[in-house]
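Visitor: Submitted below is the structure of interest, expressed as structure tokens.
Number of protein chains: 2
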Amino acid sequence: MARSVLVVEDDHNIADLLRMYLEKEGFNVRIAPDGGTALQEFSRAAPDLMLLDVMLPVLDGWGVLSRVRETSKVPVIMLTAKGETFDKINGLNMGADDYVVKPFEMKELLARINAVLRRTELPADTRKKLAFDKLVIDLDSYELLVNGQKIDTPPKELELLYHMAESPNRVYTRNQLLDEVWGFDYFGDSRTVDVHIKRLREKLEGVSEQWALKTVWGVGYKFELTETAPQ
Amino acid sequence: MARSVLVVEDDHNIADLLRMYLEKEGFNVRIAPDGGTALQEFSRAAPDLMLLDVMLPVLDGWGVLSRVRETSKVPVIMLTAKGETFDKINGLNMGADDYVVKPFEMKELLARINAVLRRTELPADTRKKLAFDKLVIDLDSYELLVNGQKIDTPPKELELLYHMAESPNRVYTRNQLLDEVWGFDYFGDSRTVDVHIKRLREKLEGVSEQWALKTVWGVGYKFELTETAPQ
DNA sequence: TTTTTTCTTGAACATTTTGTAAATTCCGGC
DNA sequence: GCCGGAATTTACAAAATGTTCAAGAAAAAA
Chain Z
82 MARSVLVVED DHNIADLLRM YLEKEGFNVR IAPDGGTALQ EFSRAAPDLM
132 LLDVMLPVLD GWGVLSRVRE TSKVPVIMLT AKGETFDKIN GLNMGADDYV
182 VKPFEMKELL ARINAVLRRT ELPADTRKKL AFDKLVIDLD SYELLVNGQK
232 IDTPPKELEL LYHMAESPNR VYTRNQLLDE VWGFDYFGDS RTVDVHIKRL
282 REKLEGVSEQ WALKTVWGVG YKFELTETAP Q
Chain W
82 MARSVLVVED DHNIADLLRM YLEKEGFNVR IAPDGGTALQ EFSRAAPDLM
132 LLDVMLPVLD GWGVLSRVRE TSKVPVIMLT AKGETFDKIN GLNMGADDYV
182 VKPFEMKELL ARINAVLRRT ELPADTRKKL AFDKLVIDLD SYELLVNGQK
232 IDTPPKELEL LYHMAESPNR VYTRNQLLDE VWGFDYFGDS RTVDVHIKRL
282 REKLEGVSEQ WALKTVWGVG YKFELTETAP Q
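Structure (structure tokens):
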């Protein structure tokens with residue numbers, strides 16, 4: 082779930098500073114001190130974002146960018162020194178998503194990072210709220226409403242329900258659910274899912290005819306939604 | 082507490098100049114280089130004032146203005162190039178509060194900014210004051226009123242409460258709160274938030290049924306507001 | 001400077017949630 | 001009906017998370 086950044090910067094001080102701030106913001110940070118290392122790290126780690134210094138030994142930032150762009154549309158923010166000849170149009174044409182002039186305010190950089198990530202993010206609705214007959218699943222406030230009444234629900238349970246209810250009638254295997262709700266790096270018993278399903282069923286049983294958490298024998302579970310006549 | 086300006090300007094030199102002067106005047110300055118970014122920043126940061134260049138790539142100043150005006154009455158000063166066809170009447174009709182022709186004297190711009198801010202300062206709108214059942218949180222005077230009675234509250238506590246109460250029911254993680262209340266450049270332990278929450282709870286417990294500082298297990302905290310029947 | 005207040009932190013403690021194992025029940029094919 | 005794999009249930013243990021306290025640091029006020 083944590084987003085990852087690849088920082089390509091040969092100045093050790095700047096790199097460390099960036100690491101410190103970015104990690105505090107919850108990013109997973111990797112640092113590459115030169116272009117070659119950057120390309121290697123890039124193909125290895127597939128980061129969600131690249132901060133790319135223009136002035137680098139051997140292979141410079143533009144070189145790295147063009148190589149990266151051969152295979153990827155990952156968001157890239159260029160770091161350029163003040164006074165460095167930098168043609169914005171040209172720079173953005175080469176495929177950078179934004180640029181920041183050194184010395185920069187950390188605050189501004191963070192704002193730009195967020196802007197770029199938001200811009201390149203899928204046009205998903207940001208409201209995390211689903212509603213069905215007598216049921217509201219709200220991941221903004223982490224609330225589950227059954228018949229308009231709040232039901233205390235632990236986070237994992239709610240996330241599981243939300244995830245399944247996002248695609249009604251789609252069947253999920255236990256392993257899919259473990260990957261998608263617990264995270265791909267979670268190693269656990271698939272019975273865990275059963276137990277959470279059971280706990281959800283306790284909270285939801287008999288509430289509505291229109292939906293239910295159904296078992297698909299030999300496969301997994303689904304949030305089943307029965308269509309009613311559309312008005 | 083500092084007033085904030087969103088500068089929408091694609092010329093980096095002008096933007097930097099504006100930043101310098103405005104910051105010297107005590108403004109918190111954000112810069113957006115194009116219309117899209119401007120709209121994003123606007124909805125994110127809710128600035129007290131916008132300086133809006135007419136000539137922008139892709140979505141121009143008028144486009145930005147009309148989108149902004151759909152939801153907000155924030156004061157806007159347009160920056161127009163000399164010779165640019167600009168119809169004052171028309172321009173002000175579109176919802177701008179004032180306009181300045183480039184190249185402009187910084188002095189004049191500042192004068193206009195102050196004039197506009199004075200003119201548009203609504204008695205209630207810009208007040209940093211929130212009111213709920215038996216509770217008033219006033220960040221103008223740094224006062225907390227419970228049942229109409231002043232409760233001595235240290236600044237951080239009050240800011241924290243205010244921040245959470247600005248968006249009732251939204252869950253904030255501890256890190257979000259540290260970033261947004263303490264500042265993005267604050268590096269501290271997230272237990273700090275817990276302690277402040279605890280002290281707020283001591284002051285607020287049992288005051289009203291309609292709201293509460295709730296823990297969202299595994300996620301963070303929220304200022305929960307229970308809807309009552311609207312009158 | 002001294003005093004007072006506020007803020008931060010770490011540790012002990014409490015609580016809630018989550019995971020696991022094992023017993024039990026269910027389902028579908030033979 | 002019987003069997004074996006699959007799902008459910010239960011109870012418990014473990015892990016994760018939250019709360020509280022108190023001491024000391026830092027900041028503000030006097």
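Protein chains in written order, with the numbering used here: chain Z, 82 to 312; chain W, 82 to 312.
Don't be surprised by glycine CBs; every beta carbon is placed ideally from N, CA and C.
The structure presented is a predicted model; accordingly, all values stated were derived computationally and were not measured.
#1: Comparing the C-beta of S248 of chain Z with each C-beta of chain W, is any distance below 8 Å?
#2: Determine contact between the region 288 to 300 of chain W and the region 226 to 244 of chain Z, defined as no fewer than three beta-carbon pairs at a distance below 8 Å.
#3: Closer than 8 Å, CB to CB, is L222 of chain Z near chain W or not?
#4: Between the C-alpha atoms of L258 of chain W and V252 of chain W, what's the straight-line distance to the nearest angstrom?
#5: Measure from the C-beta of K303 of chain W to each C-beta in chain Z and report whether the shortest distance is under 8 Å.
#6: Using the three-state DSSP reduction, which class does R251 of chain W fall into: helix, strand or coil?
#7: Mind checking E283 of chain W: buried by the 16 CB within 10 Å criterion, or exposed?
#8: Cα-Cα, which of W:V110, W:R199, W:D270 is closest to V86 of chain W?
#9: With burial defined as no fewer than 16 other Cβ atoms inside 10 Å of the residue's Cβ, what is the status of F123 of chain W: buried or exposed?
#10: Could you work out which residues of chain W lie near G107 of chain Z, taking near to mean beta carbons separated by less than 8 Å?
#11: Where does D97 of chain Z fall in DSSP's three states?
#12: Starting from the C-beta of S289 of chain Z, find all residues in its chain whose C-beta is less than 6 Å away, skip the five residues before and the five after it, and write them out in chain order.
#13: Considering only the alpha carbon of each residue, which of Z:E186, Z:Y180, Z:A196, Z:S248 lies closest to A212 of chain Z?
#14: Considering only the alpha carbon of each residue, which of W:M131, W:L103, W:L294 lies closest to G116 of chain W?
#15: Between K210 of chain Z and chain W, is there a C-beta pair that is closer than 8 Å?
#16: Ignoring anything shorter than 3 residues, give me the beta strand (DSSP E) runs that lie fully in the region 186 to 272 of chain Z, in order along the chain.
#17: Round the Cβ separation of L133 of chain W and L160 of chain W to the nearest angstrom and send it over; I've been treating them as touching at under 8 Å.
#18: Report the rounded CA-to-CA distance for I112 of chain W versus H244 of chain Z, giving the unit in angstroms.
#19: Quick one: measure Cβ to Cβ for L198 of chain Z and P156 of chain Z, integer angstroms, because I've assumed they're closer than 8 Å.
#20: Which residues of the region 95 to 123 of chain W have a Cβ closer than 9 Å to any Cβ of chain Z? Give them in chain order.
#21: Got a sec: is the Cβ-Cβ distance from W292 of chain W to anything in chain Z below 8 Å?
#22: Measure the CB-CB distance between K209 of chain W and D221 of chain W and report whether it falls below 8 Å.
Guide: Judging by the given coordinates:
#1: As a first step, residue 248 of chain Z must be located in the first sequence, where it is residue number 167. Proximity of S248 of chain Z to chain W, defined by a Cβ-Cβ separation below 8 Å, is not satisfied.
#2: Enough Cβ pairs lie closer than 8 Å, so yes.
#3: Numbered from 1 along the first sequence, position 141 holds the residue referred to as residue 222 of chain Z. Per the sequence shown, residue 222 of chain Z should be read as Ser rather than Leu. Yes, S222 of chain Z lies at the interface with chain W (some Cβ there is under 8 Å from its Cβ).
#4: As a working note, residue 258 of chain W is residue 177 in the second sequence. As a working note, residue 252 of chain W is residue 171 in the second sequence. Cα-Cα distance, rounded: 10 Å.
#5: Counted from its first residue, the second sequence places residue 303 of chain W at position 222. Chain Z, which has a Cβ nearer than 8 Å to the Cβ of K303 of chain W, makes this yes.
#6: Within the second sequence, residue 251 of chain W is the residue found at index 170, counting from 1. In the displayed model, R251 of chain W falls within coil according to three-state DSSP, outside both helix and strand.
#7: Here residue 283 of chain W corresponds to residue number 202 of the second sequence, with the count starting at 1. Burial state of E283 of chain W is exposed, judged by a 10 Å Cβ sphere holding fewer than 16 other Cβ atoms.
#8: Working through the second sequence from its first residue, we reach residue 86 of chain W at position 5. Considering only alpha carbons, the answer is W:V110.
#9: Working through the second sequence from its first residue, we reach residue 123 of chain W at position 42. Taking every protein chain shown into account, the CB of F123 of chain W has 16 or more other CB atoms within 10 angstroms, so this residue is buried.
#10: Against the first sequence, residue 107 of chain Z aligns to sequence position 26. Neighbours of G107 of chain Z on chain W, chain order: N256.
#11: Start at 1 with the first residue of the first sequence, and residue 97 of chain Z comes out as number 16. In this structure, D97 of chain Z counts as helix in the three-state DSSP scheme.
#12: Here residue 289 of chain Z refers to the residue found at position 208 when the first sequence is read from its first residue. D214, K215.
#13: Here residue 212 of chain Z corresponds to residue number 131 of the first sequence, with the count starting at 1. Of the candidates Z:E186, Z:Y180, Z:A196, Z:S248, Z:S248 places its Cα closest to the Cα of A212 of chain Z.
#14: The sequence position of residue 116 of chain W within the second sequence is 35, counting from 1. Closest option to G116 of chain W, Cα to Cα, is W:M131.
#15: By one-based count along the first sequence, residue 210 of chain Z stands at place 129. No, because no Cβ of chain W sits closer than 8 Å to the Cβ of K210 of chain Z.
#16: Complete beta strand (DSSP E) runs here, min 3: 210 to 213, 216 to 219, 224 to 227, 252 to 254.
#17: By one-based count along the second sequence, residue 133 of chain W stands at place 52. By one-based count along the second sequence, residue 160 of chain W stands at place 79. The distance from the Cβ of L133 of chain W to that of L160 of chain W is about 7 Å, consistent with a contact at the 8 Å cut-off.
#18: Looking up residue 112 of chain W in the second sequence gives position 31. Looking up residue 244 of chain Z in the first sequence gives position 163. Computed Cα separation, rounded: 37 Å.
#19: To locate residue 198 of chain Z, count along the first sequence from 1; it is residue 117. To locate residue 156 of chain Z, count along the first sequence from 1; it is residue 75. Confirmed, about 6 Å.
#20: Of all residues in the region 95 to 123 of chain W, only D97, R111, I112, A113, P114, G117, T118, Q121, E122 place a beta-carbon less than 9 Å from a beta-carbon of chain Z.
#21: In the second sequence, residue 292 of chain W corresponds to position 211, counting from 1. Not flagged as an interface residue toward chain Z: W292 of chain W, since no C-beta distance is shorter than 8 Å.
#22: Residue mapping note: residue 209 of chain W aligns to position 128 of the second sequence, counting from 1. Residue mapping note: residue 221 of chain W aligns to position 140 of the second sequence, counting from 1. Against a cut-off of 8 Å, the Cβ pair of D221 of chain W and K209 of chain W comes out as a contact.
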